[in-house]
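Worksheet: the structure to be examined is printed underneath.
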Amino acid sequence: MAIASSSPRTTTAAVEDYLERISELIETKGYARVVDIAAELKISQASVTTMVQRLDAEGLVNYEKYRGMVLTEAGQKVAARIAHRHALLTNFLRQLGLDETVISRDVEGMEHHVSTETFAALDRLTAHLEASPDLRKSLQAE
Ligand code: ZN
8 MAIASSSPRT TTAAVEDYLE RISELIETKG YARVVDIAAE LKISQASVTT MVQRLDAEGL
68 VNYEKYRGMV LTEAGQKVAA RIAHRHALLT NFLRQLGLDE TVISRDVEGM EHHVSTETFA
128 ALDRLTAHLE ASPDLRKSLQ AE
């Protein structure tokens, strides 16, 4: 299972989700343990351990059984890319006046599946929407 750690394009949605959660945990708690990730993703600790070992083998995290894990530079790159996409997509959908519950659910899916090209177009559109209150208003659901 050789995913080139230098090429974030090849990471799967599941891998991106893990790296996103691990990065968030480290940011908020200062560390990420298997038990915390299992609670966040609502899956078993055994499944988390298997995945984290895979991420370790792929050079995305450094995992030590009793000490938790840290993101490698490659892992941080993927996590930062997803965090950036998460923030931009959230902002984009907010411009459309969507409900926060809908936004957070949809963003978690979209962030993994929108191509670089579409993402760049949405980025430009968001900037346009931010600068155009009338356009924004006309697009918002009643
Ligand atoms: Zn996300």
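According to the numbering used here, the sequence shown is numbered sequentially starting from 8.
Where is the CB? At the ideal position from N, CA and C, for every residue including glycine.
Heavy atom of the ligand ZN within 7 Å of residue i beta-carbon
{"i": "Glu27", "result": "yes"}
{"i": "His120", "result": "no"}
{"i": "Val114", "result": "yes"}
{"i": "Ile89", "result": "yes"}
{"i": "His135", "result": "no"}
Check: residue i C-beta below 7 Å from any heavy atom of the ligand FAD
{"i": "Arg28", "result": "Ligands displayed in this structure: the ligand ZN; the ligand FAD is not among them."}
For residue i: DSSP bridge partner residues
{"i": "Met117", "result": "None, per the DSSP bridge assignment."}
{"i": "Val70", "result": "This sequence places Tyr at residue 70; Val is not what is there. Paired residue(s): Met76."}
{"i": "Ala39", "result": "Met76"}
Cα-Cα separation, residue i to residue j
{"i": "Gln60", "j": "Leu142", "result": "48 Å"}
{"i": "Lys36", "j": "Arg74", "result": "14 Å"}
{"i": "Val55", "j": "Ala45", "result": "6 Å"}
{"i": "Ala134", "j": "His120", "result": "21 Å"}
{"i": "Leu129", "j": "Glu115", "result": "16 Å"}
{"i": "Arg92", "j": "Thr125", "result": "11 Å"}
{"i": "Ala90", "j": "Thr18", "result": "15 Å"}
{"i": "Leu62", "j": "Ile50", "result": "17 Å"}
{"i": "Leu132", "j": "Ala39", "result": "36 Å"}
{"i": "Glu71", "j": "Gln102", "result": "42 Å"}
{"i": "Val68", "j": "Met58", "result": "11 Å"}
{"i": "Ser12", "j": "Ala87", "result": "Only weak support exists for where Ser12 lies, its pLDDT of 44 falling under 50; the coordinates are left without a value."}
C-beta neighbour in chain D for residue i, strict 8 Å
{"i": "Phe99", "result": "Absent from the structure is chain D; it holds one protein chain and no more."}
Quiz item: Per the contact definition of three or more C-beta pairs closer than 8 Å, is the stretch 75–84 in contact with the stretch 102–114?
Solution: no
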